[in-house]
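A short worksheet on the structure shown next.
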Amino acid sequence: MSQNHAEQERRKFQLERIALFSDAVFAIAITLLVIEIKVPIVSHENQEIFNKEFSHALMEMIPEFIGFFISFIVIGNYWRAHHTIFGHVTDYNRKLISLNTWFLLSIVCMPFTTAMMSKYIFLNPTFFIV
């Protein structure tokens, strides 16, 4: 195997590492979305009262569920776009690694921003922009 071919194989492997790391970040971000949703704690001896209280607690969580589903779809779409882009990438440099890292930073922030927006849904949307 020529030294040039060995270098190409090494760079191809390194590019795969970048894509695999990115896939892991996406997977963790999606997992963190659902971890933020806590099962409501309701305790009552009477089954009928328990059912009403539990149903009420779940209804209060609707903003969290909506935030979860929207963020899941957004992260999924970003992953699909990332996957498509990396399907065309044949080599990498520091700039690609830096841009990819900054992009992944925006992905890992989504579980926090989703939780915040779901919890404080009553706030003016411009609050979240500032």
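Start counting the sequence shown at 1013; every next residue gets the next number (the working numbering). All residues carry an ideal CB built from backbone N, CA and C; glycine is no exception. Bear in mind the structure is a predicted one, so any value in this text is a computation, not a measurement.
- The C-beta separation of Ile1119 from Pro1075 comes to about 22 Å, leaving the pair out of contact by the 8 Å criterion.
- In the pairwise beta carbon analysis, the stretch 1077-1094 is classified as touching the stretch 1043-1051: at least three pairs are separated by under 8 Å.
- Residue Ile1097 holds the alpha-carbon nearest to the alpha-carbon of Glu1028 among Glu1065, His1056, Leu1117 and Ile1097.
- Annotation for Leu1070: Pro1052 place their beta carbon closer than 7 Å to its own, counting only its chain and skipping 5 residues before and after.
- The residue from Asn1112, Arg1022 and Glu1057 with its alpha-carbon nearest to that of Trp1091 is Asn1112.
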